[in-house]
Structure formats: structure tokens, C-alpha cells
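Asker: Residue numbers (this note's numbering), protein chains in the order written: chain A, 417 to 925; chain B, 4 to 153; chain C, 435 to 750.
C-beta atoms are modelled at their ideal positions from N, C-alpha and C, and glycine is treated no differently.
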Amino acid sequence: MSIMYLLEAFQTIFSDLSSLMFILIGVVAGIMVGCLPGLTATMGCALLIPFTFSLPPVQGLLMLMGIFTGAIYGGSIAAILIRTPGTPAAAATLLDGFPLSKRGEAGKAIGIATIASFVGGTIGALIMSFMAPQIAQFGLRFGPPEFFALAVFGLSMIISISGESLLKGVIAALVGLLITTIGFDPLSGVPRFAFGNDNLLGGITFIPALIGLFGFAQVFRNIEKMGIVPQVRSKVSRILPSFKEVKTLLPTMFKSGGIGSVTGSVPGLGCDIAAFIAYGEAKRTSKKPETFGQGALEGIAAPEAANNGATGGAMIPMLTLGVPGDAVTAVLLGALTIHGFQPGPLLFRDHPEIVYPIFAGMILCQLVLLGVGLAGARLFAKLINIDIKVLTSIIFLLCIVGSYSMRFSFFDVGLALGIGVVAYFMSYAKFPVSPILLALILGPMAEQNMRRAMMLSNDDLSIFVTRPISATFLFLAVLMAGLSYMKYKKLREIERKVAETTAQDAVAK
Amino acid sequence: MDSKNIDIAVGGFLCFLSIAIYLYAERYAGAGVNQYGPNFFPQILAVMLFIASVVCIVQALRGHALKDLETIDKPGLIRAAVMLLIAIAYILLMQVVGFFIATVVFLYAQMTYLKQKSLLVRVITSVLVAMAVYALFHSFLKIPLPEGVF
Amino acid sequence: MKKFLVALATVFTLSGAAHAAFPEKDLTLIVPWSAGGGTDTIARALVKNAKKYIGVNVNVVNKTGGQGVVGMGAIKLARPDGYTVGLITFGLSTYKLMGLSDMTFRDFELLQLLNQSAAALSVKADSEWSSLEDLVQYAKANPGKVTLGHTGAGVAWHLSAAALGLAHGVEFNFIPFDGGAPTRSALLGGHIDLAATGIDEVKQLNDAEQIKILAVNADERHPSFPDVPTFTEAGYGLDAPILDWRGLALPKNVPADRVAVLEEGFKKMFEDPDFRQYCEEVGLMLVYEDSEGFEEFLTNMENVLAPTLEATGLLR
Numbered sequence: 417m418s419i420m421y422l423l424e425a426f427q428t429i430f431s432d433l434s435s436l437m438f439i440l441i442g443v444v445a446g447i448m449v450g451c452l453p454g455l456t457a458t459m460g461c462a463l464l465i466p467f468t469f470s471l472p473p474v475q476g477l478l479m480l481m482g483i484f485t486g487a488i489y490g491g492s493i494a495a496i497l498i499r500t501p502g503t504p505a506a507a508a509t510l511l512d513g514f515p516l517s518k519r520g521e522a523g524k525a526i527g528i529a530t531i532a533s534f535v536g537g538t539i540g541a542l543i544m545s546f547m548a549p550q551i552a553q554f555g556l557r558f559g560p561p562e563f564f565a566l567a568v569f570g571l572s573m574i575i576s577i578s579g580e581s582l583l584k585g586v587i588a589a590l591v592g593l594l595i596t597t598i599g600f601d602p603l604s605g606v607p608r609f610a611f612g613n614d615n616l617l618g619g620i621t622f623i624p625a626l627i628g629l630f631g632f633a634q635v636f637r638n639i640e641k642m643g644i645v646p647q648v649r650s651k652v653s654r655i656l657p658s659f660k661e662v663k664t665l666l667p668t669m670f671k672s673g674g675i676g677s678v679t680g681s682v683p684g685l686g687c688d689i690a691a692f693i694a695y696g697e698a699k700r701t702s703k704k705p706e707t708f709g710q711g712a713l714e715g716i717a718a719p720e721a722a723n724n725g726a727t728g729g730a731m732i733p734m735l736t737l738g739v740p741g742d743a744v745t746a747v748l749l750g751a752l753t754i755h756g757f758q759p760g761p762l763l764f765r766d767h768p769e770i771v772y773p774i775f776a777g778m779i780l781c782q783l784v785l786l787g788v789g790l791a792g793a794r795l796f797a798k799l800i801n802i803d804i805k806v807l808t809s810i811i812f813l814l815c816i817v818g819s820y821s822m823r824f825s826f827f828d829v830g831l832a833l834g835i836g837v838v839a840y841f842m843s844y845a846k847f848p849v850s851p852i853l854l855a856l857i858l859g860p861m862a863e864q865n866m867r868r869a870m871m872l873s874n875d876d877l878s879i880f881v882t883r884p885i886s887a888t889f890l891f892l893a894v895l896m897a898g899l900s901y902m903k904y905k906k907l908r909e910i911e912r913k914v915a916e917t918t919a920q921d922a923v924a925k
Numbered sequence: 004m005d006s007k008n009i010d011i012a013v014g015g016f017l018c019f020l021s022i023a024i025y026l027y028a029e030r031y032a033g034a035g036v037n038q039y040g041p042n043f044f045p046q047i048l049a050v051m052l053f054i055a056s057v058v059c060i061v062q063a064l065r066g067h068a069l070k071d072l073e074t075i076d077k078p079g080l081i082r083a084a085v086m087l088l089i090a091i092a093y094i095l096l097m098q099v100v101g102f103f104i105a106t107v108v109f110l111y112a113q114m115t116y117l118k119q120k121s122l123l124v125r126v127i128t129s130v131l132v133a134m135a136v137y138a139l140f141h142s143f144l145k146i147p148l149p150e151g152v153f
Numbered sequence: 435m436k437k438f439l440v441a442l443a444t445v446f447t448l449s450g451a452a453h454a455a456f457p458e459k460d461l462t463l464i465v466p467w468s469a470g471g472g473t474d475t476i477a478r479a480l481v482k483n484a485k486k487y488i489g490v491n492v493n494v495v496n497k498t499g500g501q502g503v504v505g506m507g508a509i510k511l512a513r514p515d516g517y518t519v520g521l522i523t524f525g526l527s528t529y530k531l532m533g534l535s536d537m538t539f540r541d542f543e544l545l546q547l548l549n550q551s552a553a554a555l556s557v558k559a560d561s562e563w564s565s566l567e568d569l570v571q572y573a574k575a576n577p578g579k580v581t582l583g584h585t586g587a588g589v590a591w592h593l594s595a596a597a598l599g600l601a602h603g604v605e606f607n608f609i610p611f612d613g614g615a616p617t618r619s620a621l622l623g624g625h626i627d628l629a630a631t632g633i634d635e636v637k638q639l640n641d642a643e644q645i646k647i648l649a650v651n652a653d654e655r656h657p658s659f660p661d662v663p664t665f666t667e668a669g670y671g672l673d674a675p676i677l678d679w680r681g682l683a684l685p686k687n688v689p690a691d692r693v694a695v696l697e698e699g700f701k702k703m704f705e706d707p708d709f710r711q712y713c714e715e716v717g718l719m720l721v722y723e724d725s726e727g728f729e730e731f732l733t734n735m736e737n738v739l740a741p742t743l744e745a746t747g748l749l750r
């Protein structure tokens, strides 16, 4: 039955080509917003809502969904090219995207990100179209203990992204977790570590921290190395991935797209968490986990498929329950209400004329994204061929404006610059930066839900193991930590042997 | 500094920091409804950080620290520090003369300092980029940028 | 007297050639809560037709953080030229009491009250309780057993529920969530027995019969929910209901003539039929008070809040 509605919706969209045009405008605008560090998908949608006032509701929504899809994808372009995720969702993409770009293969990285986004996004859109009610019910089974277990599961990935020293990765993550305890505690109403400063009362805002950790740190590194290390240039010959490469990545993309859609559909989890979970899973099951972090193609395909899959997933609870899946869908929910539709269980019954075009539009967004992305990959990849003196100056400016524009706050700019200086020196002392990022994303989720669960159970810790979903995630976390730790040991062992033999060779010569 | 001394210095600092956090968080004790109050998380993290830092120091003393550290290029470091100062000057200037003019000056100053030779490139890039950013943020997205005192 | 001054000021603005026309450029409306949230959506709906009434557009700017302290602080410190208007919310009544900030409504030039929301206690549709009476009886027999989810410590809904417990000797197990959406999903998922939220926040779920609203903490029934009894009608009245509120304010020292223009302009936006219709659809109760009435309401609110905050251990 829903297929008929869906086909009808496609017909409606195609009968009026202006709808397609609005999708195109939305996707392109979204990619632009997503590319710029500091402008997130949430802000893009929020800032452009007034433009949709004058449009008929369906077209206005199609445009907003275009922005959503485009921005989540666009974030990866900045992550790959300048090691600064344009949106938090692209944070996992930079782990392998930037190393590829440093080898001159930015075009290939963007190409894979595009195809993975398309595959993941389409899976998300299809799941949303056909399984929305069932998935929504599953998402509701996540209560405080489940969220805590999931956060612990996510944090077990620190081992995967710690690089050379696990101990230093753990230290970085602990510092990151401590940073998340700054600010107003919504559970007790107590302001923590704010020292009477209003700006700290809200905690360290995520976006400026992100820009500092990656954007500013990279700018400083570029400036320091300028003239010593020759500028990386994109190889023009191999701009797009070959069909064969894409084919071997397809299983990763499908799996990650599915993981992303389901993760996104749990209210409170967003595209960023989905991307990290898929990255960890891809690394765990990869045949060559040692290539992760060095520019593994799977390391780009997995998070990109997952974060775009999560866009469709996040729409599910918003449409069926009126509970937004993440921050962007919260904005879309607002847009729907302004246009006179109350998302919730009644939307499907009362307004099928808006629900099915949303489904159809989500699928079309992915197609448009594929077209625009592949056409643009060549162009984007050439961006880093701009003279590094000019490019660095512009990136520096964009990072400053980006950290300002989250809250229109110079405090945030100063904060981001400060974090940038620390992150710059951290990499010299071999402290990995990515665990901090993961901690910033998962810290509040872990803390609040742990304490909430304790309130529910009256301080009985067994609540975490007597509930099936929670127990499963905790078990997986232990399993994953154990397995990754063994793999990690093995890898270091091999490296040491290699180092010894090369040293002996050197001596022999 | 070699990696051993860096690890000991960082580990020592973090030990101190974790003790400070633990003690400071003590003031939040009792504000929650159960034993897992607002002080619980910071304190347990501080304990873990303390242990990790001690292990870090011990490993460094036993010579387990990673050897191959990248060396920081001295002139490069000074260059980066000067650029940071230029950025701070830009942020202050922006609040006096407004976003647009400050941005043009900032871009021009950066490129001049980084020794971009062509005057034409410097001027054109500064003005065009500033215009593009201003148009996008101010006119299109309607983000309030500092207008200056005029 | 005030009205006279306003009229006088308006005459001056209209006739005074020495005065440049105000406003001559777009206004900014600072919203201290994030884009897409309830407050933000109301702000955007309010200024949707601004051009029709005040001649320029009003741009909504979200300045978030610190439970609204950052945004409201920005309103307080904005340049007092009338081009920056702020939306102030319930938090302002609690900051000083909770020790979050020294800011109170006295730091602002109040413009008008926009709305008041009443707290609702809801249960899942298949819950064993179908009235407040049932619930209170059960909770009294099993102290601390009923889990009550709310949207955050010190939020109006939390304090409303706490006040009920205090007044009638009921012991709930309070579970704070971070905002309305997580609270609703926790209720739907059966993780909590009872949710305290704004009544408008649960309208959709109530219409869809997924939840039941047991009672609303207000003096009168809500026009969009004629079947929902007030606490008093349900037999558990409180002296004065704790109401969530939103209003408009300016920084201090804005020239009086400009204040008058803004007062009139925003009142017209407030009466715009599109805005009215939107608010009716989402179940938002609009309540107008001019600056004097607004001030009186806020003074009164502080007196109502202090004892409840003290009893919940939030008073600093």
C-alpha cells in the first residue's frame, strides 16, 4: 500500500519540475554550508527556514531535506581536504580522508565519500519509507541504561583510534570526558567548573572545540612546515575511484548504511555517533585493520555511508512520534509545524499528502547528491592546489568566522584558538587528538544516562545487565575492547620487529 | 626536549591537574538526589586520569616512551606564533572597524607575512574573499557580524 | 500615565523631523535557546509577518548556552539602540535563586509578555492510572516508587511537580532529562511512569491517544484541552500555579520613542491572525501583558518560586 503512495508522490514531484529544482538548490546550498567549518547541518537548516516560508510546504520541506543531506555530505569534503570536519558528522571521515588527500588522492577520497553517502543515504531513505513504524518502536526501547551502555560501547572505540600509544589515547579521552563535565548540570541544576563565567556555564561548545582540535591545529602546522615540506598537489590523472575499488567497498557501504540508519533512528543519537560506530565496526571486521588511519578506503566509506544513512534514520522518530532523532530533525520538526503540520503519530493518517513526498524527496535527494558530488569532486580536489600561502590564510579566516558563528561569540573564537594551540603541541608529544573528539561526543551521554539509570534503579547497578539491550552493548563493548586490544598488541609487535630488522640492516650495511 | 622528558612533564602536570579537579569537585558533593551526584563523574575521571598519568611517568622513566618524535622547526614555530598574534589583532580590530574592513586587512597581512610575492594576488584575494564571506554570512545567512563602532 | 507617554512618544516619532525614522534597518531578535526548539519556533512564527507591521524584517538569532544565561546576557548587554530585541524566558526567574547568574528581569526594559504555559502530568495511554486521584493514592501507598520524568532541574515543569508533591505529601522519584523530546520518548518507551512537561508539548501525543494527560497545573482549563482537569479540580490544588512564561525585552536605556514603536509593532505581530492560528494549532496559550503587567507577573513569580526551589534543594 505504501508503495502506491510512494509512486504517487514521485509522480507529484515530477509533475512539477520546480520541486526538483528546490531539491537541487537545497543540496548545493547544503554542500556549501557543510563544507564551511562551523556551519553545521543544523545551522544551515535553521538559517534557511525563512526562505521556505514563501514556498508551498512540500517544496519548502524538500529544500530543507536537500540541505540536510547536502550538509552532512559536504562536511566530509572539508574533513578530507583541510583536516577540519565541516560538520561533526564528518569527524570520523578525516581519520582516513586526510591521509589520502596528503598523498594527492583527494579526488579519490571525495569520490568514495560521495558514492558511500549515496549508498548509505538511499538505504536510510528506503528504511524510512518502508519500516518507519517498526523502527520507531525499536528506538523507544532505549532508556537511560541503554544509552549509557551504547556510550560505553562507543568509547571502547578509543583503542581503534589511538594510534601509536594506547595509554596516551586513554589519557586524551579522559581529558575530553573531563571537559564535558564543565557547565550546567541539568540533572542537579548545579553549575560545574564555570568559575562564575556565563560562557562556561553552557559548557565547552562542541563546534568551536572541533575547529580548534582540527582546524586551527592544522593551520598552525601548515604555517610551521611552510617552505620545509613541499605543498601537496592533487593528482589530476586519478581523480575518481575506479569501478573495481568501489565494488570491493560496496559490502562495507551497505553494512554501514544499515548501521547508520538504525543508529540515527534512536532519538538522541545523531549522525556523528553513527559514523563512529560504523568506523569502528569496519575496522574491526576489516582484513587489513592496520591500514586504518593511514588512508584506508573503507575508513572513508564506512562513516560516510553511516552518517548519510542516519539522516533518513533520524527522520523516522520525528515523523512517526514527533520526537526528533537529532538536532537537525528538531529544526525540521519546527519547520513542519510552522508550515502547519504537526509531526507525530497522526501525521501519517491526516496528511499523507506531505508524508509520502517527504519519503520520495529523500530518495531523490540522494540521486541529486550523487550527481552533484561526482561532478564537483574534480573541482573540490583542485581546491588544495591553490597556493598554500593563500589557502592557509583563507582557511585561517574561515576557522575564525566558523567558530564565531555558532553562537556569535568571541569567547568561542578564543576558546577554539586556545584548544588549537594545545592540540598543535599534543601531536608533537604523540598524544592523539581523535579520542578527545569521541569523548566530547559521548561524554554527556554516558554521564547523564548513567546517573539517570541509577536514579531509576535506586542505586542498583544491576540495571545495566538485567536489561537485554543494555547488556548486549556492554558485552559488545568488552568484546570489542578485548579484540581490538589484542589486534593492537599484535600490530605493535609487528612494527617493533620491522623496526628492529631495519635497524639491524642499517647496522649491517 | 626528548620524548622521555616530555612524557614526564605532561604526566606530572596531569597528575597535579587530576588532584586539583578531584578536590575542587568535592564542593558539588551532596547536591544530587543519590550517591551519584554532580561530583561523581568528575571525581572518578580524575582518579582514572591520575592513574594513567602515573603509568605514563613510570613508562617514561623505564624507557618505554616512543623515541621518534618529530622535531619542531624553530623559525616555523615563531612564524605560527606571529600568525596567532595577527589573528588576535584581527579579532580585536573587527570590533572597532567592523567585519569587512578588518577581514580585508587580516587576509592581506597574513599573505604579506607568509611572503606571497604578487601584490595583485594579495589585494584581489583579500577583497574578493572578504566580500564572498561577508555576502554569505551577512546577507544570505543573516548571521550578525560585528559592525564596528561606526 | 504610561499610555499617555507612549502616545506622546509616538506623536513625536511621527512628527519630529529631527528624529530619523525608526526602524530604518532590519531588527534582530535574540533567542537564548537553540534553533528548532519550542521557543525558537514561536519566535520565528511571531516575526514571520514583521514587515507588514513594522516596515522591516526581524532576523532571529539563536545565542545559546548555559540554560539561556548566555543569550539573555547578550540581550542585556546589546547596544541600546532598539535594533536588538530579546526573547526572555522562565529561566530568568530562577537564575538568581539557583545561583547561576545575578541577572533578573530588573536588568531589562520589559516589552511585553507573550505566553504562559502550564505544566501537565501525563502517563502512557495504557497506564493503570486514569486520574490524578488514582496516581496520588498509589504514590502515597508506595512512596518513592513512582518515577516522574521532567525536562531538567529547575525548569517550570519540574518545580510544578515538586510543588504538588510538597503540598500533598507525595513522594516521587524524580528523573531529570535534558529537554522535552527525551522526556516524551522516555514516557512512550515506558522508562518512566509519569512525565511532567508543558501541556502544549504533549498535545500531539494526546490527540493520537498514545498518552493520557491526568491534570494541568493552572487556574483554569486550557482551551485546547477542555477535558483535562486542573490540579484543583482533580482535588489537589496548589496556592499559586508555577507557570512557564516567555516575553519580549530590550536592554536598558533604549530611547523611549523607540521603545514605543517596538511596543506597538510587536503587539501587532502578536495579534497577527497567522500567528494566532499557529499558536492555536500547537496548543500554545497566548497571554498578553504590557510592560507594567509583565513586571508585576515576574515579581509575583519570584515569590512563588523561592519556597519550591528551597524545598527541592535548588536554592543557593
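B/Ile-94: which of B/Ala-83, B/Glu-150 and B/Met-51 sits nearest, CA to CA?
Answerer: B/Glu-150
Asker: Between A/Ala-726 and A/Ala-552, what straight-line distance do the alpha-carbon atoms span, to the nearest angstrom?
Answerer: 13 Å
Asker: Can you tell me the Cβ-Cβ gap for A/Phe-841 and A/Ile-587, rounded? I've got them flagged as a contact below 8 Å.
Answerer: Contact flag wrong, Cβ pair sits at about 14 Å.
Asker: For C/Ala-560, count neighbouring Cβ atoms within 10 angstroms of its own Cβ and tell me buried if that reaches 16, exposed if not.
Answerer: It is Asp, not Ala, that sits at residue 560 of chain C in the sequence shown. Classification of C/Asp-560: exposed, given that the 10 Å Cβ count is below 16.
Asker: Does any residue of chain C bring its CB to less than 8 Å from the CB of B/Pro-45?
Answerer: no
Asker: Please list the residues of the stretch 604-635 of chain C that have a C-beta atom closer than 7 Å to any C-beta atom in chain A, keeping them in chain order.
Answerer: Asn-607, Ile-609, Pro-610, Asp-612, Ala-615, Pro-616, Arg-618, Ser-619, Ala-620, Leu-622, Gly-623 and His-625
Asker: Where does A/His-755 sit, in a helix, a strand or coil, going by DSSP?
Answerer: Three-state result, A/His-755: coil.
Asker: Can you list, in chain order, the residues of its chain whose CB lies under 7 Å from that of C/Met-435, leaving out five sequence neighbours each side?
Answerer: For C/Met-435, the pLDDT reaches just 47, beneath the cut-off of 50, and the residue's location in the model is therefore unreliable, leaving the point undetermined.
Asker: State yes or no: is the beta carbon of C/Asn-734 nearer than 8 Å to at least one beta carbon in chain B?
Answerer: no
Asker: Would A/Val-648 and A/Gly-520 qualify as a contact pair, given that the criterion is a beta-carbon distance under 8 Å?
Answerer: yes
Asker: Compare the C-beta of B/Lys-145 with all C-beta atoms of chain C and state if any pair is closer than 8 Å.
Answerer: yes
Asker: Near A/Leu-799, what residues of its chain come up, given a Cβ to Cβ distance below 7 Å and the 5 sequence neighbours on each side ignored?
Answerer: Leu-497
Asker: Taking the alpha-carbon of C/Lys-485 as reference, which of C/Leu-547, C/Glu-736, C/Asp-706 and C/Ser-594 has the nearest alpha-carbon?
Answerer: It is C/Asp-706 whose Cα lies nearest to the Cα of C/Lys-485.
Asker: Using the rule of at least 16 other Cβ atoms within 10 Å of the residue's Cβ for burial, across every protein chain shown, is C/Ala-452 buried or exposed?
Answerer: Because C/Ala-452 carries a pLDDT of 41, less than 50, the predicted location of this residue cannot be relied on, and the following value inherits that uncertainty. So C/Ala-452 counts as exposed.
Asker: If distances are taken between C-alpha atoms only, which option among B/Met-51, B/Ile-54, B/Leu-52 and B/Tyr-27 comes closest to B/Pro-41?
Answerer: B/Tyr-27
Asker: Which residue wins for smallest C-alpha separation from C/Gly-581, given the options C/Leu-696, C/Asp-678, C/Thr-617 and C/Asp-708?
Answerer: The residue you asked about is not Gly; residue 581 of chain C is Thr in the sequence shown. Distance check between C/Thr-581 and each of C/Leu-696, C/Asp-678, C/Thr-617 and C/Asp-708 places C/Thr-617 closest, using alpha-carbon atoms only.
Asker: Under the assumption that A/Leu-735 contacts A/Pro-773 (Cβ atoms under 8 Å), give the Cβ distance between them as a whole number of angstroms.
Answerer: The C-beta separation of A/Leu-735 from A/Pro-773 comes to about 12 Å, leaving the pair out of contact by the 8 Å criterion.
Asker: Throw me the rounded Cβ distance for the A/Ala-507 and A/Leu-617 pair, which I believe falls under 8 Å.
Answerer: Incorrect: roughly 25 Å between the Cβ atoms, too far for contact.
Asker: Closest Cβ-Cβ distance between C/Arg-478 and chain A: below 8 Å?
Answerer: yes
Asker: Would you mind telling me which residues of chain B sit closer than 9 Å to C/Val-495, beta carbon to beta carbon, in chain order?
Answerer: Going along chain B in sequence order, the residues near C/Val-495 (Cβ under 9 Å) are Lys-145, Ile-146 and Pro-147.
Asker: Using 8 Å as the threshold, is the C-beta distance between C/Lys-637 and C/Ser-619 below it?
Answerer: no
Asker: For C/Gly-671, which residues in the same chain have their Cβ closer than 6 Å to its Cβ, ignoring the five residues on either side in sequence?
Answerer: Hits under 6 Å: Phe-665.
Asker: Assign A/Gly-536 to one of two classes, buried (16 or more other C-beta atoms within 10 Å of its C-beta) or exposed (fewer than that).
Answerer: buried
Asker: Show which residues of chain B have a CB atom less than 7 Å away from the CB atom of C/Thr-528.
Answerer: Neighbours of C/Thr-528 on chain B: none; closest Cβ ~16 Å, over 7 Å.
Asker: What residues from chain A crowd round B/Leu-110, counting only those whose CB sits closer than 8 Å?
Answerer: Ser-809, Ile-810 and Leu-813
Asker: DSSP state of A/Met-734, grouped into three classes?
Answerer: helix
Asker: Considering only C-alpha positions, which residue in the set A/Phe-426, A/Ile-441 and A/Thr-428 is nearest to A/Val-784?
Answerer: Checked all of A/Phe-426, A/Ile-441 and A/Thr-428; the closest Cα to A/Val-784 is A/Ile-441.
Asker: For C/Glu-736 and C/Leu-545, which I take to be in contact (beta-carbon distance under 8 Å), what is that distance rounded to the nearest angstrom?
Answerer: About 19 Å separates the two Cβ atoms, so there is no contact after all.
Asker: Return the Cβ separation of C/Val-753 and C/His-602 in integer angstroms, given the expectation that the two are a contact with Cβ distance under 8 Å.
Answerer: The first residue shown for chain C is 435 and the last is 750, placing residue 753 of chain C beyond what the model contains.
Asker: What would DSSP say about C/Glu-543, mapped onto helix, strand or coil?
Answerer: Residue state, collapsed to three classes: strand.
Asker: Starting from B/Leu-96, find everything on chain A with Cβ-Cβ shorter than 7 Å and list it in chain order.
Answerer: In chain order: nothing, as chain A lies at least about 12 Å away.
Asker: Put C/Arg-513 into one of helix, strand or coil per three-state DSSP.
Answerer: Residue state, collapsed to three classes: coil.
Asker: Do you know whose CA, among A/Ala-505, A/Ala-610, A/Leu-510 and A/Glu-640, lies nearest B/Leu-80's CA?
Answerer: A/Glu-640
Asker: Report the residues of the stretch 857-875 of chain A with a CB closer than 7 Å to any CB of chain C, ordered along the chain.
Answerer: Gln-864, Arg-868, Met-871 and Leu-872
Asker: Taking Cβ to Cβ, would you say A/Ser-677 is nearer than 8 Å to A/Gly-741?
Answerer: no
Asker: Enumerated in chain order, which unbroken segments of the alpha helix (DSSP H) with a length of 4 residues or greater are wholly contained in the stretch 844-922 of chain A?
Answerer: DSSP runs (the alpha helix (DSSP H)) wholly in the stretch 844-922 of chain A: 850-873 and 879-882.
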